[in-house]
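Numbers in my numbering are just positions in the sequence shown, counted from 1, shifted up by 11.
C-beta: ideal position from N, C-alpha, C; glycine also.
All of these numbers come straight from a predicted model, not from anything done at the bench.
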Amino acid sequence: MKTDHRDKDQTETTVSRRDFLATAGAAGAVALAPGVLDAASGPVPTANLGTTGARVSVLAAGTAFNLTPIALRSIAREGITYWDTAQSYAGGNSEKEIGKYFAKHGNRKDVYLVTKCGNHAVESFTSALNGSLESLQTDYVDTYFLHNLGDPDRLDDEMKACQEKLKKEGKIRYFGFSSHHGRMIDVLERAPQVGFVDTIMFKYSFRNMDDPRLQKAMDACAEAGIGLIAMKTQGGRQPTDVTVPAWEGYTRHQAALKVVWEDERISAICSEMVNVQQVKDNGAAARLRRGVGYLERQDLQEYAIETNHLHCRGCAHICESRVAAGTAVADLMRLKMYHDEYGKRRYARDLFAQMPVAARQVDGVDFRDAEAACPFGLQVGNMVRDAVSKLA
């Protein structure tokens with residue numbers, strides 16, 4: 012039997028397993044329905060992070076942007092105590108701004124701090140941590156992640172020994188990985204088998220909630236006591252030509268947030284909140300005790316079906332094997348999402364520039380087999396060519 016990680020008053024409206032798997036949801040910065048802010052007061056609820064013994068706010072602050080003292084202050088005031096950063100975020104400035112904030116306010120122990128390293132070689136993973144600790148002006152992080160892990164074989168004896176050493180040195184409390192990779196499910200399946208992964212942050216939204224293999228992997232992780240954090244829960248922004256019904260007391264975004272939180276395996280949602288209003292709105296949504304009704308969940312599912320052809324799920328093993336040129340379709344789709352939907356144009360271009368030349372090749376490439384294989388009907392050729400034209 013799985014353990015529910017949330018406070019009792021948060022679980023009263025939890026949907027059944029069958030109902031949950033039949034629903035769709037999305038999460039991100041929300042625009043609250045009239046009157047909801049007034050109704051949602053008090054601290055952001057907390058949850059157990061798997062069986063680690065740590066307790067975290069159910070809303071985590073993603074910081075992959077140019078942080079300001081005002082942004083960090085509003086996050087802290089809202090009671091959001093889980094802060095997620097990475098060595099690469101904002102060219103390293105994210106970690107540095109958090110470090111300055113700790114130095115000024117002296118509240119390091121009030122924050123559950125997570126950082127990540129994109130270089131998965133053990134030597135680099137260790138040396139990068141020392142640099143992160145210096146930037147963050149602290150002597151430890153609560154969780155240290157392998158950033159966007161896609162190779163299950165990296166969870167080997169060498170990495171096990173590495174994370175054990177870092178724990179013994181007091182530099183990290185817990186070890187894990189983040190993943191939105193095309194092989195995300197592969198690494199999720201591997202995690203409970205190796206026995207040394209404490210927590211995972213992974214892509215989870217209405218775009219992949221219906222994946223039985225993902226659900227099985229999540230079950231195995233939860234049963235192993237691994238703390239699960241959901242990210243990229245928005246599932247892409249709403250197209251302007253798709254109408255989504257407004258519900259009494261909830262917007263679509265609010266209902267989608269609640270659907271994710273109602274999954275008993277999820278400890279927290281990591282959301283990038285780039286202004287004070289988004290922090291307040293998401294904090295209020297986290298405090299709402301009402302659940303999502305059947306009709307609302309049905310509307311979300313219909314919305315997902317109607318828009319699936321617009322959003323890449325990152326299942327690179329399906330399409331990329333059908334592109335002879337070796338074009339990194341899933342990566343290009345992800346950068347297109349950053350550029351078009353998140354407004355992170357410079358960030359997307361910087362990542363594009365770091366890609367191998369062959370991985371971003373589209374001229375003369377035949378994508379017809381990839382399009383035929385895509386289970387969601389994406390116009391792969393048009394989309395990746397559009398990505399390259401914007402990012403090059």
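Residue environment for Y305: exposed (fewer than 16 other C-beta atoms within 10 angstroms of its C-beta). Fully enclosed alpha helix (DSSP H) runs of no fewer than 4 residues occupy 263-272, 287-298, 305-318 of the region 262-322, in order along the chain. At least 8 Å separates the beta-carbon of T74 from that of Y123.
Annotation for L144: D150, Y151, V152, K182 place their beta carbon closer than 8 Å to its own, counting only its chain and skipping 5 residues before and after. With 16 or more other Cβ atoms from the protein chains shown falling within 10 Å of its own Cβ, G294 counts as buried. Residues R17, Q21, V55, P56, T57, A58, W272, S278, A279, I280, A297 of the same chain have their beta carbon placed closer than 8 Å to that of V69, with the five preceding and five following residues left out of the count.
The beta carbon of R194 is closer than 8 Å to those of G161, D162, P163, A327, H328 in its chain, skipping five residues each way along the sequence.
For R84, there is no enclosing beta strand (DSSP E); the enclosing alpha helix (DSSP H) covers residues 80-88. Contact annotation: H158 and S189 have beta-carbon atoms nearer than 8 Å.
Partner residues in the beta bridge of L157, as assigned by DSSP, are C128, F188. Two segments are said to touch when three or more pairs of C-beta atoms, one from each, lie closer than 8 Å; by this definition the region 361-381 touches the region 330-350. Residue state for R324 is assigned as coil, using DSSP reduced to three classes.
Of the candidates R165, A139, G236, G236 places its Cα closest to the Cα of L60. DSSP, reduced to helix, strand and coil, places L166 outside both helices and strands of the structure shown, so it counts as coil. Comparing alpha carbon positions, the residue from K120, A97, Q390 closest to C128 is A97. Taking all protein chains shown into account, N319 has 16 or more neighbouring C-beta atoms within 10 Å of its C-beta and is therefore buried. Taking the Cα of D380 as reference, the smallest distance to any Cα among A335, Y112, R66 is reached at A335. Residue W94 holds the alpha-carbon nearest to the alpha-carbon of N118 among V290, K269, W94.
Comparing alpha-carbon positions, the option among V125, L362, R224 lying closest to I211 turns out to be V125.
The C-alpha of L147 is placed about 43 Å away from the C-alpha of D374. Spanning the alpha carbons of Q312 and E275 requires a straight line of approximately 20 Å.
8 Å or more divides the Cβ of E175 from the Cβ of V133.
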